[in-house]
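Heads up, the thing below is written out as structure tokens.
In our numbering, the protein residues as written are 1 to 76.
Okay, structure coming up:
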């Protein structure tokens, strides 16, 4: 189940099972091997929706979302 909370100047709304729309995601990064079983990484991700989604009278679309991520990997 997906859950989203939308906050605006006039109030907030919580919705569940948001529905579907189409989008594009771009992800790039670097992974550094510290040992045979351990790695760390850093990367960049950008995403945006192509279509708009409307559910319960609320229209949603992610115009652009950019993020930097850090990762830690360990093999057992």
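A virtual CB, placed ideally from N, CA and C, is assigned to each residue, including glycine.
Apart from sequence neighbours up to five positions away, the residues of its chain that approach residue 22 with a beta-carbon distance below 6 Å are 50 and 51, ordered along the chain. When the five nearest sequence neighbours on each side are left out, the beta carbons in the same chain lying within less than 7 Å of the beta carbon of residue 44 are those of 28, 29 and 68, in order along the chain. Distance between residue 55 and residue 61, taken at the CA atoms: about 12 Å. Taking the CA atoms as reference points, residue 65 sits about 28 Å from residue 74.
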